[in-house]
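One structure is given below, encoded as C-alpha cells.
4 protein chains.
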Amino acid sequence: MKLELDFSSSKSIYLQIEDNLIKAIAKGDLKIGESLPSVRSMAEDIGVNLHTVNKAYNELKDRGYLNIDRRKGAVVADLPMKKNEIKEKELFDELEILISNSFLSGIQKDEFLKLAEKIYNECEVVKND
Amino acid sequence: MKLELDFSSSKSIYLQIEDNLIKAIAKGDLKIGESLPSVRSMAEDIGVNLHTVNKAYNELKDRGYLNIDRRKGAVVADLPMKKNEIKEKELFDELEILISNSFLSGIQKDEFLKLAEKIYNECEVVKND
Amino acid sequence: MKLELDFSSSKSIYLQIEDNLIKAIAKGDLKIGESLPSVRSMAEDIGVNLHTVNKAYNELKDRGYLNIDRRKGAVVADLPMKKNEIKEKELFDELEILISNSFLSGIQKDEFLKLAEKIYNECEVVKND
Amino acid sequence: MKLELDFSSSKSIYLQIEDNLIKAIAKGDLKIGESLPSVRSMAEDIGVNLHTVNKAYNELKDRGYLNIDRRKGAVVADLPMKKNEIKEKELFDELEILISNSFLSGIQKDEFLKLAEKIYNECEVVKND
DNA sequence: GTGGTCTAGACCACC
DNA sequence: GTGGTCTAGACCACG
Numbered sequence: 087m088k089l090e091l092d093f094s095s096s097k098s099i100y101l102q103i104e105d106n107l108i109k110a111i112a113k114g115d116l117k118i119g120e121s122l123p124s125v126r127s128m129a130e131d132i133g134v135n136l137h138t139v140n141k142a143y144n145e146l147k148d149r150g151y152l153n154i155d156r157r158k159g160a161v162v163a164d165l166p167m168k169k170n171e172i173k174e175k176e177l178f179d180e181l182e183i184l185i186s187n188s189f190l191s192g193i194q195k196d197e198f199l200k201l202a203e204k205i206y207n208e209c210e211v212v213k214n215d
Numbered sequence: 087m088k089l090e091l092d093f094s095s096s097k098s099i100y101l102q103i104e105d106n107l108i109k110a111i112a113k114g115d116l117k118i119g120e121s122l123p124s125v126r127s128m129a130e131d132i133g134v135n136l137h138t139v140n141k142a143y144n145e146l147k148d149r150g151y152l153n154i155d156r157r158k159g160a161v162v163a164d165l166p167m168k169k170n171e172i173k174e175k176e177l178f179d180e181l182e183i184l185i186s187n188s189f190l191s192g193i194q195k196d197e198f199l200k201l202a203e204k205i206y207n208e209c210e211v212v213k214n215d
Numbered sequence: 087m088k089l090e091l092d093f094s095s096s097k098s099i100y101l102q103i104e105d106n107l108i109k110a111i112a113k114g115d116l117k118i119g120e121s122l123p124s125v126r127s128m129a130e131d132i133g134v135n136l137h138t139v140n141k142a143y144n145e146l147k148d149r150g151y152l153n154i155d156r157r158k159g160a161v162v163a164d165l166p167m168k169k170n171e172i173k174e175k176e177l178f179d180e181l182e183i184l185i186s187n188s189f190l191s192g193i194q195k196d197e198f199l200k201l202a203e204k205i206y207n208e209c210e211v212v213k214n215d
Numbered sequence: 087m088k089l090e091l092d093f094s095s096s097k098s099i100y101l102q103i104e105d106n107l108i109k110a111i112a113k114g115d116l117k118i119g120e121s122l123p124s125v126r127s128m129a130e131d132i133g134v135n136l137h138t139v140n141k142a143y144n145e146l147k148d149r150g151y152l153n154i155d156r157r158k159g160a161v162v163a164d165l166p167m168k169k170n171e172i173k174e175k176e177l178f179d180e181l182e183i184l185i186s187n188s189f190l191s192g193i194q195k196d197e198f199l200k201l202a203e204k205i206y207n208e209c210e211v212v213k214n215d
C-alpha cells in the first residue's frame, strides 16, 4: 500500500487516505476480500496518528467499501455497485463544478473526455475480477 | 442570481457560493462585464453573513474570474482561459477520484461520458459570447 | 436536555447519548428544527469529553436524525420516516432477540404487548407536531 | 445447530452465538435437557476460536439457561422462568429504544405489534414442551 | 495484536 | 462562538 499524501494540502489527511483507497479499489489494485494493513501499521507507515487512519477506514465502512471483520481486520467489501439516486446526484453535481472549472481553465472538451474515458477504462478491468 | 446553498453540507458556504458563480460564468448565465449583486444585497438575499459573500468574491477575484470595480462593484472578468499546469493537474486528480467513486457507485462509463459531454456543451456556448 | 447516563454500563457512552436523543426525538421532547446544545456545552454538562458527544452527534447525522448546520449547530432533522428494508430487517432481528429474552425471563405476552403499545402511543404524538 | 453469524457486525461473535442459542431455546428448537454440540465441534463448525464458543456457553450457564454436565457437555437447563425485576427493567429500556428507532424508521404501531405477537406466539409453543 | 472507546489538549476554518 | 481535524496516550474487549 503506497499512499500519496500531501500534508500541506487543504484537504484533510483522512480524506486523502480515503481517496487513495477508493482509487486503489476502483483500479483493482485492491481486490475484493483483500485485507488492508491494520490501522496501527498504516498509521506508522505514513506517519500519522492511528485515529486518522481509523476515521478513514470507518468512513469507507459506512460507505460500503470496506468491512471491518473481527478476525481479519479491514477487508475490501464485495461491492454492491448498485445505483443510488442520491449518491448519483451528488456525483453529477461535483462533475458539473469540475467541468465548469476545467472549461474556465482552458481545458478543451475533447481533452477532458478523452482523459475521462482513459481513467474509466482503467477501472473497468476490476469488474472481471 | 439564484444560488443553491445547503447549510448542512460539509462544504463551506463561501465555497458553495463560488461554485454557483463559477457554474453561472461557465454556462454564460453571467456574461463577461456583467455586474454581480453587491456583497450586502446578496448576503441579505441568501441569509448569510457579509463576510461570507465577501470571501467568495475575493477568492474569485484572486482566481481571475472577477474584477472588483470601485463604482460597479464585482464584475465578471474577461476570462484568460489560459492553461495552467498546476491547476490542470489538480483538476485531473479530482477527476480521477470522481470517476473512481462513480465507477464504484455503479455508474457506467457511457452514462458518465455522455453527461460530461452534455455539460461541456452547455459551457461551449459561452465562448462565442 | 436531561440525559440518563450510566457510566458503569457496558454500553458505550456515545451510544447512550444517541439512545437518549433518539428517544427524545421520537417522543417529541425534541422537535424538528430544534437546536441541540453545542458539543462542548453538552460535554461539560454531562461530564464527558467533547469527542464523545461529537461522535454521537455525527452518528445521528449519518443516520439522518440530525443536521449539522454551519450556522445553528446540530438541529433535529426533518425526519424522512421512510421505510428502509435493511434497517427494518435489523430492527426485527433485534426484536426477535429481545422477545426471546423476555419470554425466557418469564414476561408474559400480554404484558409485553401492552407495554409496547403504550410506548408506541407516546411516540405517535410527535407526528402531529 | 445452524447459527447465523455476521463477522463484520459490530456485535461480538460470542454474543451472536448467545443470541442464536437463546432464540433456539425460546422457540423450542432446543428442548430442555437437550445436549448442545461440544465447544470444540461447534467452534470448528462455524470457524471461530474455541474460547469464543466457550465464553458464550459459560455466559448462558451463568444466566441459568444451560447446565454444564461433565459427561453430556452443555445441556439446556430446566428454565426457571422466574421474573427478575432488574432484568425486566433492562429489557423494557431496550424495548423503549427499539420502538423509538422503529417509529423514526417509519414502522407503524400495528405492524410492530403484530410482528411482536407473532414472535411471542412462536415462543409460547415451548411452554407446553 | 486487532479495533473500539475515552480523555486531554491543541489548532484551524468558518460564520 | 461553532464544529472539524489531528495528536498522544491510555485502557479494554475481542478472537
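Protein chains in written order, with the numbering used here: chain A, 87 to 215; chain B, 87 to 215; chain C, 87 to 215; chain D, 87 to 215.
Here a beta-carbon is modelled for each residue, glycine too, at the ideal position from N, C-alpha and C.
Nothing here was measured: the structure is a model prediction, and the numbers come from that model.
Review point. Could you give the distance in angstroms between the alpha-carbon of leucine 201 of chain C and the alpha-carbon of glutamate 180 of chain D?
Key: 12 Å
Point to revise | Neighbour list for isoleucine 132 of chain D in chain A, Cβ cutoff strictly below 9 Å | key: In chain order: nothing, as chain A lies at least about 12 Å away.
Check your understanding: Does DSSP put valine 139 of chain A in a helix, a strand or coil?
Key -> helix
**Study point:** C-alpha distance - glutamate 104 of chain C paired with lysine 169 of chain C, whole-angstrom precision
**Key:** So the alpha carbons of these two residues sit roughly 20 Å apart.
Review point. Lysine 109 of chain A touches chain B at which residues, Cβ-Cβ below 7 Å?
Key: Glu182, Ile183, Ser186
**Study point:** Proximity winner among D:Leu91, D:Ser124, D:Leu177, D:Phe189, relative to aspartate 154 of chain D (alpha-carbon distances)
**Key:** The sequence shown places isoleucine at residue 154 of chain D, not aspartate. Ranking D:Leu91, D:Ser124, D:Leu177, D:Phe189 by Cα distance to isoleucine 154 of chain D puts D:Ser124 first.
**Study point:** Rounded distance between the beta-carbons of isoleucine 193 of chain A and leucine 177 of chain B, thought under 8 Å
**Key:** Contact holds; Cβ gap of about 7 Å.
Practice item. Please classify methionine 128 of chain C: is it buried, with 16 or more other beta-carbons within 10 angstroms of its beta-carbon, or exposed? Key: buried
Check your understanding: Residues of chain B with CB under 9 Å from aspartate 148 of chain A, in chain order?
Key -> Near aspartate 148 of chain A there are no residues of chain B at all, since even the closest Cβ is about 14 Å away, more than 9 Å.
Review point. Does the beta-carbon distance from valine 162 of chain D to isoleucine 205 of chain D come in below 7 Å?
Key: no
Review point. Quick one: what does DSSP say isoleucine 205 of chain A is sitting in, helix, strand or coil?
Key: helix
Point to revise | Of the residues D:Glu174, D:Gly119, D:Arg157, the one placed nearest leucine 190 of chain C, counting alpha carbons only | key: D:Glu174
Review point. How would you call isoleucine 99 of chain B, buried or exposed, if buried means at least 16 neighbouring beta carbons within 10 angstroms?
Key: buried
Review point. Roughly how many whole angstroms lie between the Cα atoms of lysine 109 of chain D and isoleucine 132 of chain B?
Key: 56 Å
Check your understanding: With 16 other CB atoms within 10 Å as the buried threshold, where does phenylalanine 93 of chain C fall?
Key -> With fewer than 16 Cβ atoms within 10 Å of its Cβ, phenylalanine 93 of chain C is classed as exposed.
Point to revise | the stretch 165–176 of chain C: positions lying closer than 7 Å to chain D by Cβ | key: Correct list: Leu165, Met167, Lys168, Lys169, Asn170, Lys173, Glu174.
Check your understanding: Does serine 94 of chain B have its Cβ less than 7 Å from a Cβ in chain C?
Key -> yes
Practice item. Measure from the C-beta of aspartate 105 of chain A to each C-beta in chain B and report whether the shortest distance is under 7 Å. Key: yes
Exercise for review: Could you tell me the distance, in whole angstroms, from the CA atom of glycine 150 of chain A to the CA atom of leucine 101 of chain A?
Suggested key: 16 Å
Practice item. Could you please give the first and the last residue of the uninterrupted beta strand (DSSP E) stretch that includes asparagine 153 of chain C? Key: 152–155
Exercise for review: Would you mind telling me which residues of chain D sit closer than 7 Å to isoleucine 154 of chain A, beta carbon to beta carbon, in chain order?
Suggested key: Contacts between isoleucine 154 of chain A and chain D, judged by CB atoms closer than 7 Å, involve Ser94 in chain order.
Review point. In its own chain, which residues sit with a C-beta less than 7 Å from the C-beta of glutamate 120 of chain B, not counting the 5 before and 5 after it?
Key: Val161, Val162
Exercise for review: Report the partner residues of asparagine 160 of chain C according to the DSSP bridge assignment.
Suggested key: With the sequence shown as reference, residue 160 of chain C is identified as alanine, and asparagine is not the correct amino acid for it. Answer by DSSP bridge pairing, in chain order: C:Ile154.
Point to revise | Residue range of the alpha helix (DSSP H) that includes aspartate 115 of chain B | key: Judged by DSSP secondary structure, aspartate 115 of chain B falls outside any alpha helix (DSSP H); it is assigned neither H nor E.
Review point. Applying a beta-carbon distance threshold of less than 8 Å, which residues of chain B neighbour lysine 141 of chain A?
Key: By Cβ distance, chain B contributes nothing, its closest Cβ being about 14 Å from lysine 141 of chain A, past 8 Å.
Check your understanding: Can a CB atom of chain C be found closer than 7 Å to the CB of alanine 160 of chain D?
Key -> No - not a single Cβ of chain C is within 7 Å of the one on alanine 160 of chain D.
Review point. Can you tell me whether DSSP reads aspartate 215 of chain D as helix, strand or coil?
Key: With a pLDDT of 45 at aspartate 215 of chain D, under the threshold of 50, the modelled position of that residue is not reliable, and the figure given next carries that caveat. Reduced to three states, the DSSP call for aspartate 215 of chain D is coil.
Check your understanding: If we ignore side chains and look at the alpha-carbon of each, how far apart do lysine 195 of chain D and isoleucine 185 of chain D end up?
Key -> 9 Å
**Study point:** Partner residues on chain C for leucine 199 of chain D, Cβ-Cβ distance less than 7 Å
**Key:** Leu199, Ala202, Glu203
Check your understanding: Name the chain B residues whose beta carbon is nearer than 9 Å to that of glutamate 210 of chain A?
Key -> Phe189, Lys195
Review point. Taking 7 Å as the CB-CB limit, is tyrosine 206 of chain C close to chain D?
Key: yes
Practice item. Quick one: grab the DSSP three-state call for serine 124 of chain C. Key: coil
**Study point:** Beta carbon proximity, alanine 163 of chain A to chain B, threshold 7 Å
**Key:** no
**Study point:** Between the CA atoms of lysine 158 of chain C and leucine 152 of chain C - distance to the nearest angstrom
**Key:** 12 Å
Point to revise | 7 Å Cβ cut-off: residues of chain A touching alanine 112 of chain B | key: Those are Ser186, Phe189, Leu190, listed as they occur along chain A.
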